[in-house]
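Student:
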């Protein structure tokens, strides 16, 4: 749907030095109102407005293996309006070597508890979510639990925990950087009737996938851009007196923005002066750029399309309190390959680190591990002959609903990614940003919500992953090897990861000779939409050509601003 960005007056964020004031319910956010009411009535949570400087408590996280352990926390302050309409708690952590490692990536979501002075009970105030790179002490930002409970699907309209169905789109992301319905065309039914033209006759001329709706005296059609209006105007309706009559001759064909629920005043503010939304021309340009890349890849790289629409959540300097990066543990990757992968995944805000599977542990005991507050939360990106696992911590479990991370992965809203339990090998202390070195254990559900204050999921059904097979024939060495992978279903990452795995597999045994050529065949099965096949021969550097030619068809179908995204056939045996 179209996004309307409202202009707001600049305001100064204020720092609250912790008075024990009663929280005021927000007037314009029902979800936050329900969350606030739930916190105030619960014996489990404590609203951050009741915190005072110097209050002490503890946090829960896994430092090694699967055992949830405690670390000490002291409240420093509460910052109001840290983000738009959101507060953050500042706290100093200690214990378990945190004075050496500082706050580590992968601790995101670790719940923090403080004693409520009213009844003496330890209550959850939020989750570790933010930190400063190069920090000299373990100072952290805590996401207030009230803000996390407002994540869609956690509480019902009565402010109680609920069993929520997935809000995912089936493609791993709710917003592809383009508005799903950018423009609309309005046809005048009264005027058409004077020429004897019926609604059914008009609809019979339109492509079957064209969506239309009746609204009083008009027919509204969704369109791609202004150029499509001309095509509709030129639809042949009939012949009269030897002349062809077009739809535009018998109906007022008007281009308008699809702004459901937007006031007339706001439409006027946002209009570009030609009856279309202000962003419509940009959307049309983006779509033309997309087609140029897909049809003529040498003219522009896919990076140029992806990067402007991605939100990198991690800070690029040491002065910003920013969400802790999500460590992406990648198995069987040499340092040089890992450095290249980091560049390829930089637009997604991921922090790839070397990883691997779990060895030398009690397998039966690991299979019994469940998601619990403070436990590891693993998100597999790749499974099979390589394991890529995003790593964080569970904040809370409410029925079959799970909250974690304390910050978003990319803030995409609805999604459907696998969610599972995890194992921590150790915390790697670095001068820059320490991280949890972890692996996944087993998949237990679906991560279906990604908001800036945290992620949400449900225990139960695990979403399907997309299978990929790479067969490598190293002719000179007379060695052939086949690699099997399963990739998460995500509008942006699937194509990019498939490209990386192509190069990754072809160079698994050794680097190609200094002078070489590569012959490759690519097949991508899109089910009822058919198969994409390509055969090519490239000179030195051809592995990267093969990776690009793998990514293009997947990106063209899944990152599709021209219609409904299409996913390659999935593997149901996850």
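In the numbering used here, the protein residues as written are 87 to 660. For each residue, glycine too, the CB sits at the ideal point set by N, CA and C. Predicted model only: the values in this text are computed from it and were never measured.
1) Identify whether residue 193 lies in helix, strand or coil by the three-state DSSP scheme.
2) Give me, in chain order, the residues of the same chain whose beta-carbon lies closer than 7 Å to that of residue 190; leave out the 5 immediate sequence neighbours on both sides.
3) For the segment 177-197 against the segment 209-218, do three or more pairs of beta-carbon atoms, one drawn from each stretch, fall closer than 8 Å, so that the two count as touching?
4) May I ask which residues mark the beginning and end of the alpha helix (DSSP H) holding residue 421?
5) So the candidates are 433, 460, 405, 321; which of them puts its Cα closest to the Cα of residue 214?
6) If we count the other Cβ atoms within 10 Å of its Cβ and call it buried at 16 or more, is residue 290 buried or exposed?
7) How about the segment 576-583 and the segment 631-643: do they share at least three Cβ pairs that are nearer than 8 Å?
8) Would a C-beta distance cut-off of 8 Å place residue 574 and residue 466 closer than the cut-off?
9) Can you look up residue 500 in the DSSP assignment and give me helix, strand or coil?
10) Alpha carbon to alpha carbon, how far is residue 533 from residue 498? Give it in angstroms, no decimals.
11) What's the gap between the Cα of residue 449 and the Cα of residue 509?
12) With burial defined as no fewer than 16 other Cβ atoms inside 10 Å of the residue's Cβ, what is the status of residue 653: buried or exposed?
13) Who are the near neighbours of residue 655 in its chain, counting only those whose CB is closer than 6 Å to its CB and skipping five residues on each side?
14) Tell me the DSSP bridge mates of residue 131?
15) Using 10 angstroms around the beta-carbon of residue 330, count the other beta-carbons present and answer buried if the total reaches 16, otherwise exposed.
16) Verify whether the separation of the beta carbon atoms of residue 501 and residue 572 is less than 8 Å.
17) Do the segment 549-567 and the segment 485-497 touch if we need at least three Cβ pairs shorter than 8 Å?
18) Can you tell me whether residue 511 is helix, strand or coil according to DSSP?
19) What is the DSSP secondary structure of residue 458, reduced to helix, strand or coil?
20) With the cut-off set at 8 Å, would you say residue 595 and residue 567 are in Cβ contact?
21) What's the call for residue 116, buried or exposed, on a 16-neighbour Cβ count within 10 Å?
22) Just curious, the beta strand (DSSP E) that residue 329 is in, first and last residue?
23) What's the gap between the Cα of residue 651 and the Cα of residue 618?
24) DSSP puts residue 142 in a beta bridge; with which residues?
25) Just to confirm, is the Cβ distance from residue 525 to residue 442 under 8 Å?
26) I'd like to check one pair, residue 475 with residue 507: are the Cβ atoms closer than 8 Å?
27) Do the CB positions of residue 183 and residue 159 come within less than 8 Å of each other?
28) Is residue 410 helix, strand or coil when you go by DSSP?
29) What is the rounded straight-line gap between the Cα of residue 279 and the Cα of residue 321?
30) Would you report the Cα separation of residue 172 and residue 164, rounded to the nearest angstrom?
31) Assuming residue 617 is part of the beta strand (DSSP E), what are its boundary residues?
32) Give me the Cα-Cα distance between residue 542 and residue 486, rounded to the nearest whole angstrom.
33) Where does the unbroken beta strand (DSSP E) through residue 527 begin, and where does it stop?
34) Can you look up residue 126 in the DSSP assignment and give me helix, strand or coil?
35) Buried or exposed: residue 637, going by 16 or more other Cβ atoms within 10 Å of its Cβ?
Tutor: If we stick to the structure as given:
1) Looking at residue 193 - three-state DSSP - the assignment turns out to be coil, as it is neither helix nor strand.
2) The beta carbon of residue 190 lies closer than 7 Å to those of 513, 520, 521, 522 in the same chain, with the five residues before and after it left out.
3) Yes, since at least three Cβ pairs between the segment 177-197 and the segment 209-218 fall closer than 8 Å, the two stretches touch.
4) Residue 421: member of the alpha helix (DSSP H) spanning 421-431, first to last residue.
5) Nearest of 433, 460, 405, 321 to residue 214, Cα basis: 460.
6) So residue 290 ends up on the exposed side.
7) Yes: at least three Cβ pairs fall under 8 Å.
8) Contact flag set, yes.
9) In this structure, residue 500 counts as strand in the three-state DSSP scheme.
10) Using only the alpha carbons, I get a separation of about 12 Å.
11) Their Cα atoms are separated by approximately 11 Å.
12) When all chains shown are included, residue 653 counts as buried.
13) Take residue 655, set aside five residues on each side of it, and the residues of its chain with a beta-carbon closer than 6 Å to its own are 611, 613, in chain order.
14) Bridge partners of residue 131: 210.
15) When all chains shown are included, residue 330 counts as exposed.
16) Between residue 501 and residue 572, the C-beta spacing is not below 8 Å.
17) Result no; under three Cβ-Cβ pairs closer than 8 Å.
18) Of the three classes helix, strand and coil, the one that applies to residue 511 here is strand, per DSSP.
19) Residue 458: coil per DSSP, three-state reduction.
20) Yes, they are a contact pair.
21) By the neighbour-count rule (16 or more Cβ atoms within 10 Å), residue 116 is not buried but exposed.
22) First-last of the beta strand (DSSP E) with residue 329: 329-332.
23) Taking the Cα positions, residue 651 is about 15 Å away from residue 618.
24) In the DSSP output, where bridge partners are listed per residue, residue 142 has 160.
25) Yes, these two residues count as a Cβ contact at 8 Å.
26) For residue 507 and residue 475, no; Cβs fall outside 8 Å.
27) For the pair residue 183 and residue 159, the CB atoms are not nearer than the 8 Å cut-off.
28) If DSSP states are grouped into helix, strand and coil, residue 410 belongs with coil.
29) Using only the alpha carbons, I get a separation of about 17 Å.
30) Each residue's alpha carbon lies about 11 Å from the other.
31) That run of the beta strand (DSSP E) goes 617-624.
32) Cα to Cα, residue 542 sits roughly 11 Å from residue 486.
33) Taken as a continuous stretch (DSSP letters only), the beta strand (DSSP E) holding residue 527 covers 521-537.
34) DSSP, read as helix, strand or coil, puts residue 126 in helix.
35) With 16 or more other Cβ atoms inside 10 Å of its own Cβ, residue 637 counts as buried.
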